[in-house]
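Chemist: Attaching a single structure in structure tokens format; questions to follow.
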Amino acid sequence: EKGGYDHFMLKEIYEQPRSIKDSMRGRIYPNEGKLQLGGLKQYEEKFKNADRIIIVACGTSWHAGLVGEYLIEEFARVPVEVEYASEFRYRNPIISEKDIVIAISQSGETADTMAAIELAKEKGATILGICNVVGSSIPRLTHAGVYTHAGPEIGVASTKAFTAQVTVLTLIAFYVAQIKGTVTTGKLVELLTELESVPTLVEKALKANDLIVKIAEELKDSRNCLFLGRGSGFPVALEGALKLKEISYIHAEGYPAAEMKHGPIALIDNEMPVIVIATKNSSYEKVISNIQEVKARKGIVIAIVTEGDTEVKNMADYTIEIPHADEAFLPLIATIPLQLLSYHIAVMRGCNVDQPRNLAKSVTVE
Ligand code: F6R
């Protein structure tokens with residue numbers, strides 16, 4: 248049932264070229280620069296007039312929400328707020344009938360996310376769901392939604408569900424951009440054509456596995472780990488840190504790279520691994536200065552770089568290459584090596600990767 252892999256988690260990591268493809272199948276028309284999301288068709292006017300979009304989720308799904316914020320604001324030009332479902336529901340949040348709430352959940356059963364939906368519904372907002380488990384509770388509570396087609400995710404640590412959520416959020420960002428006309432059809436042709444090639448890019452990113460095993464060997468006895476990223480690389484850093492802590496029990500934190508100097512820099516010494524998303528995009532030069540700050544304090548730098556990079560390679564202790572992609576698609580690709588890194592470290596530490604202690608696949612308690 249594990250398809251020849253030692254663990255479900257590894258199998259699911261390797262399924263991503265397929266699960267990402269399945270999550271966009273039948274929904275994009277790259278040649279025409281068009282998207283079709285059946286579930287949202289009825290809500291075109293709502294999207295056109297929405298003052299803002301509020302995303303509610305927990306854990307990894309919340310990280311996907313942060314990527315969604317970046318994409319929706321960039322392309323659809325609608326203000327987005329991303330909220331922990333548990334915090335949202337226990338405040339007295341300001342919600343109106345013009346708000347669109349997007350709830351993201353792999354299991355579709357997370358208690359806090361369900362409570363947040365109910366609260367927003369009472370206040371008259373339109374609720375959309377992004378769920379993976381067909382027929383689960385959340386899709387029944389929402390007005391409409393878009394399923395991720397990741398297939399069943401057995402490993403407790405979410406991998407393919409996360410990239411499927413990010414894929415669907417990318418589609419929603421482009422879809423709203425199409426409705427609102429904030430992106431030209433020509434640009435959508437370009438973006439959708441590149442999106443269609445993402446599964447192939449993920450396939451390439453998976454080829455770093457052997458190198459990642461060697462890096463894992465070097466990091467496996469660390470007690471702490473810092474993950475840094477900027478822009479859409481920041482949620483990737485958060486997700487990388489969550490994956491490492493939940494399956495390997497190494498304390499890890501994800502940080503916006505520029506915030507390091509406001510605190511975490513105090514932790515850096517020659518025993519502190521710092522994993523940096525340092526791909527060639529708008530924040531490349533800034534990230535390079537952050538790497539220099541880490542190296543000046545003898546931290547161990549593991550950099551995720553764009554294929555062919557030389558500048559970061561000269562500074563970092565280890566580099567992992569990923570194929571070049573537009574910044575919009577970076578999270579889908581840069582997440583892959585971080586998933587593999589956590590997986591191998593956890594296996595080397597003798598941890599139960601598929602069933603980490605104290606964790607459950609669906610969190611039905613509040
Ligand atoms: C992390 C993980 C959890 C879930 C969270 C939300 O790997 O699996 O953080 O992401 O419990 O679960 P769903 O998406 O089912 O609502």
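Just so we're on the same page, UniProt numbering is the position in the sequence shown counted from 1, plus 247. Ideal Cβ positions, reconstructed from N, Cα and C, are used throughout, including at glycine.
By Cβ distance, which residues of its chain are closer than 6 Å to Val521, with the 5 residues on each side in sequence left out?
Modeler: Taking the first residue of the sequence shown as position 1, residue 521 is located at position 274. Closer than 6 Å at the Cβ level, and outside the excluded window around Val521, lie Leu473, Val541, Gly546, Val548.
Chemist: Whole angstroms are fine: how far does the CA of Arg544 sit from the CA of Asn517?
Modeler: If you number the sequence shown from 1, residue 517 lands on position 270. If you number the sequence shown from 1, residue 544 lands on position 297. Roughly 7 Å between the two C-alpha positions.
Chemist: For the alpha helix (DSSP H) holding Gly501, just list the boundary residues, first then last.
Modeler: Walking along the sequence shown from the start, residue 501 turns up at place 254. Unbroken run through Gly501 is the beta strand (DSSP E), 498 to 503; no alpha helix (DSSP H).
Chemist: For His396, which residues of its own chain have a beta-carbon under 6 Å away from its beta-carbon, when the five flanking residues on both sides are left out?
Modeler: The residue you call residue 396 lines up with position 149 of the sequence shown. Excluding sequence neighbours, His396 sits near Asp269, Ser270.
Chemist: Is the CB-CB distance between Ile377 and Val423 below 8 Å?
Modeler: What you label residue 377 is simply residue 130 of the sequence shown in a count that begins at 1. What you label residue 423 is simply residue 176 of the sequence shown in a count that begins at 1. Taking 8 Å as the Cβ cut-off, Ile377 and Val423 do not qualify as a contacting pair.
Chemist: Rounding to the nearest angstrom, what Cα-Cα distance links Ile351 and Val393 in this structure?
Modeler: Counted from its first residue, the sequence shown places residue 351 at position 104. Counted from its first residue, the sequence shown places residue 393 at position 146. Answer to the nearest angstrom: the Cα atoms are 10 Å apart.
Chemist: Measure the CB-CB distance between Thr360 and Ile385 and report whether it falls below 8 Å.
Modeler: Translated into the one-based positions of the sequence shown, residue 360 becomes position 113. Translated into the one-based positions of the sequence shown, residue 385 becomes position 138. Yes, the pair counts as a contact, with Cβ atoms nearer than the cut-off.
Chemist: Classify Val252 as helix, strand or coil using the three-state DSSP reduction.
Modeler: Residue mapping note: residue 252 aligns to position 5 of the sequence shown, counting from 1. The question names Val, yet the displayed sequence has Tyr at residue 252. Coil at Tyr252, not helix or strand.
Chemist: Helix, strand or coil: which one does DSSP assign to Ala411?
Modeler: For the purposes of this step, residue 411 is taken as the residue at position 164 of the sequence shown. Helix.
Chemist: Could you tell me if the beta carbon of Val413 falls within a distance shorter than 7 Å of some heavy atom in ligand 1?
Modeler: Counting from 1 along the sequence shown, the entry for residue 413 is found at position 166. Because no heavy atom of ligand 1 lies under 7 Å away, the Cβ of Val413 does not count as near it: no.
Chemist: Between Thr389 and Cys305, is the Cβ-Cβ spacing less than 8 Å?
Modeler: Residue numbering aside, residue 389 sits at position 142 when the sequence shown is read from its first letter. Residue numbering aside, residue 305 sits at position 58 when the sequence shown is read from its first letter. In this structure, Cys305 does not lie closer than 8 Å to Thr389 by Cβ.
Chemist: With a threshold of 7 Å on Cβ separation, who are the neighbours of Ala391 within its own chain once the five nearest residues in sequence on each side are excluded?
Modeler: Within the sequence shown, residue 391 is the residue found at index 144, counting from 1. Taken in chain order, the residues that qualify are Gly286, Leu287, Gln289, Tyr290, Leu375.
Chemist: Can you name the start and end residues of the beta strand (DSSP E) that Gly376 belongs to?
Modeler: Residue numbering aside, residue 376 sits at position 129 when the sequence shown is read from its first letter. That run of the beta strand (DSSP E) goes 373 to 378.
Chemist: Is it buried or exposed, Ala463, if we count other Cβ atoms within 10 angstroms and call 16 or more buried?
Modeler: Locating residue 463 in the sequence shown gives position 216, counting from the first residue. The residue in question, Ala463, is buried, as its Cβ has 16 or more Cβ neighbours within 10 Å.
Chemist: Grab me the residues of Ser333's own chain with a C-beta within less than 7 Å of its C-beta, minus the 5 sequence neighbours each way, in chain order.
Modeler: Against the sequence shown, residue 333 aligns to sequence position 86. Closer than 7 Å at Cβ, skipping near neighbours: Cys305, Asp359.
Chemist: Would DSSP call Thr432 helix, strand or coil?
Modeler: Mapped onto the sequence shown, residue 432 falls at position 185. Helix, per DSSP.
Chemist: With hydrogens ignored, establish whether the beta-carbon of Ala593 is closer than 7 Å to any heavy atom of ligand 1.
Modeler: In the sequence shown, the residue the question calls residue 593 occupies position 346. Every heavy atom of ligand 1 is 7 Å or more from the Cβ of Ala593, so no.
Chemist: Once the 5 residues before and after Phe255 are set aside, which same chain residues still bring their CB inside 7 Å of it?
Modeler: Walking along the sequence shown from the start, residue 255 turns up at place 8. Correct list, in chain order: Lys249, Ile401, Gly402, Asp601.
Chemist: Could you name the residues, in chain order, whose CB is less than 5 Å away from a heavy atom belonging to ligand 1?
Modeler: In chain order, the qualifying residues are Cys305, Gly306, Thr307, Ser308, Ser352, Gln353, Ser354, Thr357, Ala404, Ser405, Val610.
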